[in-house]
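Trainee: Before I ask anything, here is the structure I am working with.
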Amino acid sequence: MAKRKIDWDENKLKKWIQEGRGQGEGKDYKPWLTVQDFPSKGRVTRVFGWKTKRIHHFFTDSEARYFYLLEWEDDVLDIREHYPLFDCEEVMQNKAGLNFNLFKDKDTGTPYILSTSFFITLKKPNDKIVYVARSLKADYELERKTALERLEIERRYWQSQNIDWGIVTQKEIPVVKAKNIEWIHSSLYPSDERGLTDEEVDYYCNAFIDKLEGSNTSIRNFTVQFDRLFNLDTGTGIYIFKRLIALKKIMVDMNKKIDLNNSTRSIEIINPSLTERVRVL
């Protein structure tokens, strides 16, 4: 909680725990920290999750981008951000050389609850459930003594839990891919926000793929023609394009910026039939 000033005492600690922060799984999880807790010091983000069906809270672009990458991975089942290490000192088997006093409120002496950026649930091919923890840090933070002390506490904590832990800096995040996922992300929110029923969305998704086969024009032109053909509001074709990518029914190179001026021939059709609805929400 360094660099973010908050009044912290035993009453605040008990209140947050009673609110259920840091507890639960999936849609029931409540992050230990939320964007409402601190004065804004830069870009903060609130995102509705595909996998969890709840609002996620992020304090940096890197956190948000890493989240989008996790959303894209099929083996990720659950994403818990700002996961608290409630029983840190009790669980850790080796506390030698660690200075926990660095993480206490200077006025009240109440220990801060340290948290790890992401606690992730994975499902492996053999259906085995695996947990991993990742701490997001800007590379310049790795030169700060307090940040390193905190990371060492996190490392030993997760080691005591036999859980894979690692540090991720902005240099390890493929920004273009993350931004592409961000661009398509809202297409899987409830379709009635666009005035369309689920059945209509399914119909237009099927129609989009049907018209796409054999097409040779720019993606932008294709979506404009699609809107005109079906008398749809401007932009609906782009929405369907985004949704089909998000559902992985069509594929584009996610490591390159999605360009609507590219040819429709750059799109690979993964699943030509959507007769079985994929319910995301």
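Mapping to my numbering: the sequence shown position 87 is 167, numbers consecutive. All C-beta atoms, glycine included, are put in the ideal place defined by N, C-alpha and C.
Starting from S142, trace the alpha helix (DSSP H) in both directions and tell me its first and last residue.
Mentor: Start and end: D141 to W152.
Trainee: Among Q305, Q103, L222 and N242, which one has its Cα closest to the Cα of K251?
Mentor: Residue L222 is the option with its Cα nearest to K251.
Trainee: Could you tell me which of V256, M331, G129 and E90 sits nearest to L268, measuring between CA atoms?
Mentor: The shortest C-alpha separation from L268 is found at G129.
Trainee: On the three-pair Cβ rule with 8 Å, is the stretch 255 to 265 touching the stretch 235 to 247?
Mentor: Cβ pair count under 8 Å is below three, so no.
Trainee: So for Y163, helix, strand or coil by DSSP?
Mentor: Reduced to three states, the DSSP call for Y163 is strand.
Trainee: Between the C-alpha atoms of K362 and L149, what's the straight-line distance to the nearest angstrom?
Mentor: As shown, the chain starts at 81 and ends at 361. That puts residue 362 outside it, with no answer to give.
Trainee: Over the uninterrupted alpha helix (DSSP H) stretch that includes K203, give me the two end residues.
Mentor: Note, K203: premise wrong, no alpha helix (DSSP H); beta strand (DSSP E) at S195 to K203.
Trainee: With three or more C-beta pairs closer than 8 Å as the rule, is the stretch 327 to 343 touching the stretch 293 to 304?
Mentor: Because the criterion of three Cβ pairs below 8 Å is met, the stretch 293 to 304 and the stretch 327 to 343 touch.
Trainee: Run through the stretch 256 to 303 for me and flag every whole alpha helix (DSSP H) of 4 or more residues, listed as ranges in chain order.
Mentor: Fully enclosed alpha helix (DSSP H) runs of 4 or longer: 278 to 292.
Trainee: Should D158 be labelled buried (16 or more other beta-carbon atoms within 10 Å of its own) or exposed?
Mentor: D158 comes out buried.
Trainee: Please report the straight-line C-alpha distance between R101 and H162, rounded to a whole angstrom.
Mentor: Each residue's Cα considered, the two are about 10 Å apart.
Trainee: In this structure, what does DSSP give as the bridge partners for E348?
Mentor: M331, per the DSSP bridge assignment.
Trainee: Assuming contact is defined by CB atoms lying nearer than 8 Å, are T132 and K107 in contact in what I supplied?
Mentor: Against a cut-off of 8 Å, the Cβ pair of K107 and T132 comes out as a contact.
Trainee: In this structure, does DSSP put Y220 in helix, strand or coil?
Mentor: Residue state, collapsed to three classes: helix.
Trainee: With DSSP collapsed to three states, give me the class of R235.
Mentor: Of the three classes helix, strand and coil, the one that applies to R235 here is helix, per DSSP.
Trainee: Does DSSP classify K184 as helix, strand or coil?
Mentor: K184 falls in the strand class under three-state DSSP.
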